[in-house]
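Undergrad: First the structure, which I've put down as structure tokens, then a few questions once you've had a look.
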Amino acid sequence: MKIVILDCHAVNPGDLSWEPIKEIAECVIYERTSQEQVVERAKDADGILINKVNVTRQLLSQLPRLKYIGELATGYNNIDVEAARERGIVVCNIPAYSTDSVAQHVFALLLNVTNRVDHYADAVRRGEWSRQQDFCYWDTPLMELAGKTLGIVGLGNIGQKVAQIAHTLGMDISACTSRNSSDLPECIRKTTLEGLLNTSDIITLHCPLTADTVRMINTETLKLVRRGAILINTGRGGLIDEQAVADALESGQLGAYCADVLTEEPPHADNPLFRQPNAYITPHTAWATREARERLMAICVENIKQFMAGEPQNVV
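Numbering (my numbering), first residue to last: 43 to 358.
What follows is the structure, encoded as structure tokens:
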């Protein structure tokens, strides 16, 4: 089997090994591939591994040998799955590899807002503490999470992990989810999106980006949010209207916006969120711990082995 890896750099910038794949298949590796280069590079491939390359119906029509597409991520909205299915091409993703890392990042973002760790670490470096008369120094409000209400939109693997951590911290938890109330842990209260926005001190988004969820946080829904609430997005940038969120930060309707994703990545330098001091944005790193990427690589190899054995797993 010949496998072409089209855009491997983000998953493996050089600190992991491709040898496990090379041991089971002929393997050609490209760090990055533009859309215009895909056909030429993949025309002789039996399988391709991709991360962000778009696989369209038109592209698939130009790859007659292709039998397998491995998505090097959990989300697969960059693949026309229906067109692949029509051509008998198996598409497999990597589920649940980053659950612990992303949940950890959610609280890294949140604790930075509530405890202002970056602000005070920088202040100490600048000598602010050394100039004080008292043993302590703070010039911003500080917030305790115990007793605060966390609203979780989407209770997949990551949403559930976030709920588990929040419960340990003593937070009250509500969730907007398709799961039945009877299937939820006692610590999670099921509610509607409107109810969640109305009652949450902190809102965190963990739902997939679909036609129903695109820009679900917008000018109208932000009016429902408790004034000064903290909004967290480690799901997909398109879940929010970025201009509307920037306006809500400007007016104080939102107290802070924490995100690891944007609608366009890499973003334009004039993104309206970048002008807001209470927007805390990281460059899509929540998934990228070495441990998570090692799990991703291991599942990727197993997906290929199972496909070659005629028993594909993690088929989408």
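Even for Gly, the Cβ is constructed at its ideal location relative to N, Cα and C.
Since the structure is predicted, the reported quantities are computational estimates derived from the model, not experimental observations.
Between the alpha carbons of residue 304 and residue 167, how many angstroms are there, rounded?
TA: As a first step, residue 304 must be located in the sequence shown, where it is residue number 262. As a first step, residue 167 must be located in the sequence shown, where it is residue number 125. Going by the C-alpha atoms only, they are around 30 Å apart.
Undergrad: What do you get for residue 182, buried or exposed, if any count of 16 or more other CB atoms within 10 angstroms of its CB means buried?
TA: Position 140 of the sequence shown holds residue 182. Counting Cβ neighbours within 10 Å, residue 182 comes out exposed, since fewer than 16 surround it.
Undergrad: Just mark residue 54 as buried or exposed, buried being the case when its beta carbon has 16 or more other beta carbons within 10 Å.
TA: For the purposes of this step, residue 54 is identified with residue 12 of the sequence shown, where counting begins at 1. With 16 or more other Cβ atoms within 10 Å, it is buried.
Undergrad: Check the DSSP bridge columns for residue 341 and list the partner residues they point to.
TA: Mapped onto the sequence shown, residue 341 falls at position 299. DSSP lists no partner for residue 341.
Undergrad: Quick one: grab the DSSP three-state call for residue 84.
TA: Along the sequence shown, read from residue 1 onward, the residue named residue 84 stands at position 42. Reduced to three states, the DSSP call for residue 84 is helix.
Undergrad: In the DSSP assignment, what are the bridge partners of residue 132?
TA: For the purposes of this step, residue 132 is identified with residue 90 of the sequence shown, where counting begins at 1. Note: residue 132 sits in a beta bridge opposite 110.
Undergrad: For residue 301, tell me which candidate among 247, 93, 66 has the shortest Cα-Cα distance.
TA: Counted from its first residue, the sequence shown places residue 301 at position 259. That would be 247, whose Cα lies nearest to the Cα of residue 301.
Undergrad: Pick helix, strand or coil for residue 145, following the three-state DSSP scheme.
TA: The count along the sequence shown starts at 1 and reaches residue 145 at position 103. In the structure shown, residue 145 sits in a helix (DSSP, three-state: H, G or I).
Undergrad: Quick check on the burial criterion: 16 or more other C-beta atoms within 10 angstroms. Buried or exposed for residue 261?
TA: Translated into the one-based positions of the sequence shown, residue 261 becomes position 219. So residue 261 counts as exposed.
Undergrad: Can you name the start and end residues of the alpha helix (DSSP H) that residue 271 belongs to?
TA: Indexing the sequence shown from 1 puts residue 271 at position 229. Counting along the chain, residue 271 falls outside any alpha helix (DSSP H), though it belongs to the beta strand (DSSP E) covering 271-275.
Undergrad: Going by the DSSP bridge assignment, what does residue 44 pair with across the sheet?
TA: Taking the first residue of the sequence shown as position 1, residue 44 is located at position 2. Its beta-bridge partners are 68.
Undergrad: Would you kindly work out how many angstroms separate the C-alpha atoms of residue 312 and residue 286, rounded to a whole number?
TA: Here residue 312 refers to the residue found at position 270 of the sequence shown. Here residue 286 refers to the residue found at position 244 of the sequence shown. Between residue 312 and residue 286, the C-alpha separation is close to 15 Å.
Undergrad: Kindly indicate which three-state DSSP category residue 191 falls into: helix, strand or coil?
TA: Walking along the sequence shown from the start, residue 191 turns up at place 149. It is a strand residue.
Undergrad: Taking the C-alpha atoms as reference points, what is the distance between residue 374 and residue 109?
TA: In the structure displayed, the chain extends from 43 to 358; residue 374 sits before or after that span and is not available.
Undergrad: Could you tell me which uninterrupted beta strand (DSSP E) segments, each at least 3 residues in length, are contained entirely in the region 263-339, listed from first to last along the chain?
TA: Within the region 263-339, the complete beta strand (DSSP E) runs of at least 3 residues are 271-275, 296-301, 321-323.
Undergrad: Tell me which residues share the same chain as residue 192 and place their Cβ nearer than 6 Å to its Cβ, disregarding the 5 neighbours each side in the sequence.
TA: Sequence index remark: in the sequence shown, residue 192 carries index 150 (1-based). Once the five neighbours on either side are set aside, the close Cβ partners of residue 192 are 208, 213, 215, 244.
Undergrad: Looking at the secondary structure, which residues open and close the alpha helix (DSSP H) in which residue 219 lies?
TA: Here residue 219 refers to the residue found at position 177 when the sequence shown is read from its first residue. First-last for residue 219: undefined, no H or E at that position.
Undergrad: Which residues in the same chain have their Cβ closer than 6 Å to the Cβ of residue 230, if we skip the five residues on either side of it in sequence?
TA: Numbered from 1 along the sequence shown, position 188 holds the residue referred to as residue 230. So the qualifying residues of the chain are 205, 215, 217.
Undergrad: Which term fits residue 284, buried or exposed, when burial requires 16 or more other beta carbons within 10 angstroms of its beta carbon?
TA: Walking along the sequence shown from the start, residue 284 turns up at place 242. Flag for residue 284 reads buried.
Undergrad: Between which two residues does the alpha helix (DSSP H) carrying residue 237 extend?
TA: For the purposes of this step, residue 237 is taken as residue 195 along the sequence shown, with counting starting at 1. Start and end: 235-241.
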